[in-house]
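Each step along the sequence shown adds one to the number in full-length UniProt numbering, with nothing skipped, and position 40 is 40.
Every residue, glycine too, gets a C-beta built ideally from N, C-alpha and C.
Read the structure below first, then the notes.
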Amino acid sequence: MQNKTIKYSDLLADWLKERGYTHCFYVAGGNIMHILASVNRHFKCVSVVHEVAAGIAAEYFNEISADGKAFALVTAGPGLTNIVTAVAGAYLESRELLVIGGQVKTADLCRQQVRQRGIQEIDGVDIVKPITSKSVLMDSLISCEAFNRIIDAGVTGRKGPVFLEIPLDIQGAPVDVNDPLCEVAPAAKQAIPPIDSAEIQRLIEDVRTAKRPFLLIGAGVARQTVEKIYEALEPMGIPLATTWNGADRVAADHPLYFGRPNTWGQRYSNLLMQQADLLVALGTRLGLQQTGFNWQEFVPKGRVVQVECDPTELNKGHPRVDCGLQGDANQVLQALAAASLGDHSEWMAYCQKVKAELLLIEPINNTAENYVSPYDFVSRLSVHCRDTDNVIPCSSGGAFTVMMQTFAQQRGQHIVTNKGLASMGYGLSGAIGAAFAYPQRRTVLVEGDGGFAQNLQELGTVAVNKLNLKIFIFNDNGYASIRMTQRNYFNGAYIGCDQSSGLGLPDWLTLFKAFNLPCIKLHANFEQDPEFQRLFASDEPAGFVVPIDPEQTYFPKITSRVTETGSMQSNPLHQMTPDLDENLYAVVAQYLQ
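Right, here's the structure in full:
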């Protein structure tokens, strides 16, 4: 009797399905032909134009999806090199991203003896090894148990990307269905080890006795955790803020919510956090964007407690951490919400006063006639968004900063960005991933024209899939942040930052038309435009061009100066530019005096 066989790539697809994968973002290629044919039987396979979009879309999909996971599939050589930016971004943000890459036949592997033997061959494993949790060349058949151990490296403890490089002959190898290799093995449990209850009790007592406790919630705290205890947050009676990656954990109208402190954050939020006598930072690595480049003056008159799953972040030396707890930030937040934390009504009243005194939109910003103020636009857009929207505020530049300083998030919204790498070009690809994760929701993208241009080819992916995606492009004629840097530090010697200095950008209305997508130019009173109302409320993709003054100012911000040695010296978080009136500063910075 003849034995039945199964192709190894079919087996891999079965194992991925068992692990909960539902979507695959890919660019087709010869060196992944077996895997692509196999995964097409099980998953929603989304063809993108460029591999970097596959990685970014999968990252954003996984970041917000409550049902199913996505992976990226790329061919050998340029397929892998094109997705490296996405791998780097997921690594810095500690996010799950599985990238499966093709490779030439095992017989054609150069194995570092020559530069290249097989066509399109390049050592993808070593290229991405420094920016992955695991990077493996599968040059032999492995069991489901061994396969799961590789994948588990990216989802246990601190998450991160995993890269699997699979040669063509391994993909297509026949396997006897009775071979033990075909047995399905369970995935590892993904829980982070708990923190000792005595440590948590000491923290609760520290919060209870502090006069000015402040809670900072990062992305290490899950959305599901916050939603589960949402009604218990207000009785805690202490002010809380979120990091940019945790921006959607608490709604802007929550009575305990006090903004998003950051190097490019909200002035009132920065001031309040800096005046705390106890900062409890949950699920945030407290990187330089969060603490300010002048990290020596982070929370200058208070103690810092950091709860993080990665001990290297607790011990890196910046900022000063008075108490580092390695473990699950979700456990700590739930314990705080269940405890009696004492009376902090005087401190809460002060926080409310500072918030009322310092408006998010500062009048110092200049917007020329016939342009739209980005701050005013974002403020009004947030009112017209739904509580079920996915909101993607790109990842760098003026559009990103304005969104994070001004957008008023609603309970139920999903907000995703990638601030660690702060790469241009993330917005559209990330919005595509979010739109596939929640096709029943509207996805709203806000991105600058310079960043959007770096992945504009993915408009084809939006069009062919008819995604419910609304794209707002801040049209300020190029790279606003780079232009601002060259103006502030190099006397306006512009180089490659706009069309007059050599940067080529398309006519946006014409570009959208080429993809058969509707697109309109907005004006200051955009909400009153019936065409805007129709397109924004529809279930079809649409573009909106927002005319932004190329000389638009972006305040408040942390300013730096070039020292005599050529290095940069920055102000601490509580000293944003422009300086406040002395009398006002005395009112809102009472505990910094």
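Query: Using the Cα positions of K419 and L573, report the straight-line distance between them to the nearest angstrom.; Result: 18 Å
Query: Just list the alpha helix (DSSP H) runs in the region 374-429, keeping only unbroken ones of 4 residues or longer that don't cross its boundaries, in chain order.; Result: 374-384 and 397-406
Query: How far does the alpha helix (DSSP H) with C24 in it reach, from first residue to last?; Result: First-last for C24: Y21 to Y26, but that is the beta strand (DSSP E), not the alpha helix (DSSP H).
Query: State buried or exposed for P374, treating a residue as buried only when at least 16 other CB atoms are found within 10 Å of its CB.; Result: buried
Query: Would you call the region 321-339 and the region 193-200 in contact, with 3 or more CB pairs under 8 Å?; Result: yes
Query: List, from N- to C-terminal side, the beta strand (DSSP E) runs of 3 residues or more that fit wholly inside the region 150-180.; Result: 161-167 and 174-176
Query: Below 8 Å between beta carbons: does that hold for V207 and V280?; Result: yes
Query: Do G218 and L314 have their CB atoms nearer than 8 Å?; Result: no
Query: L432 and V545: beta carbons closer than 8 Å?; Result: According to the sequence shown, residue 432 is Ile rather than Leu. Taking 8 Å as the Cβ cut-off, I432 and V545 do not qualify as a contacting pair.
Query: Around the C-beta of T510, are 16 or more other C-beta atoms found within 10 angstroms, so that it is buried, or is it exposed?; Result: exposed
Query: Identify every residue that forms a DSSP beta bridge with residue 594.; Result: Look at the range of the chain in this structure, 1 to 593, and you will see that residue 594 is not part of it.
Query: Alpha carbon to alpha carbon, what distance is there between W264 and R320?; Result: 21 Å
Query: Do I32 and G102 count as a contact pair if the criterion is CB distance below 8 Å?; Result: yes
Query: Report the rounded CA-to-CA distance for A58 versus V177, giving the unit in angstroms.; Result: 31 Å
Query: Are there three or more Cβ pairs, one per stretch, closer than 8 Å when the region 452-465 is compared with the region 43-58?; Result: yes
Query: Taking only the alpha-carbon atoms, compute the straight-line gap between K4 and P174 and give it to the nearest angstrom.; Result: 9 Å
Query: Return yes when the Cβ of S9 is within less than 8 Å of the Cβ of G172, no when it is not.; Result: yes
Query: Between the region 8-25 and the region 63-81, can you find at least three pairs of beta-carbon atoms closer than 8 Å?; Result: yes
Query: Using the Cβ count rule (16 or more neighbours within 10 Å means buried), how would you classify A480?; Result: buried
Query: Please state the DSSP three-state secondary structure of T243.; Result: coil
Query: Flag this pair as touching only if the region 302-310 and the region 143-162 have three or more C-beta atom pairs under 8 Å; answer yes or no.; Result: yes
Query: Does the Cβ of E564 have 16 or more other Cβ atoms within 10 Å, making it buried, or fewer, making it exposed?; Result: exposed
Query: Closer than 7 Å by C-beta to A337: which residues in its own chain qualify, once you throw out the five before and the five after it? Chain order, please.; Result: I229, A232, L233 and M236
Query: Under three-state DSSP, which class holds E96?; Result: coil
Query: Does the Cβ of G478 have 16 or more other Cβ atoms within 10 Å, making it buried, or fewer, making it exposed?; Result: buried
Query: Count the other CB atoms, across all protein chains shown, that sit within 10 Å of the CB of Y257; report buried if there are 16 or more and exposed otherwise.; Result: buried
Query: Taking Cβ to Cβ, would you say Q120 is nearer than 8 Å to A185?; Result: no
Query: Report the CB separation of S429 from V52 in whole angstroms; it is logged as a contact under 8 Å.; Result: 7 Å
Query: Which residues in the same chain as T291 place their Cβ atom closer than 6 Å to its Cβ, once the five residues preceding and following it in sequence are excluded?; Result: F298 and P319
Query: Return the CA-CA distance between R115 and I122, expressed in angstroms with no decimal places.; Result: 8 Å
Query: Out of E183, G118 and Q113, state which residue places its alpha-carbon closest to the alpha-carbon of F147.; Result: E183
Query: Do you know offhand how far D126's Cα is from T132's?; Result: 10 Å
Query: Measuring only the C-alpha atoms, how far is C351 from C497?; Result: 40 Å
Query: Compute the beta-carbon to beta-carbon distance between T106 and P167, rounded to the nearest angstrom, for a pair I have assumed lies under 8 Å.; Result: 5 Å
Query: Looking at C-alpha atoms only, which residue of Q405, L12, Q569 and A90 is the closest neighbour of A422?; Result: A90
Query: Straight-line CA distance for V28 to L98?; Result: Sequence inspection shows Ala at residue 28; the Val mentioned does not correspond to that position. Going by the C-alpha atoms only, they are around 17 Å apart.
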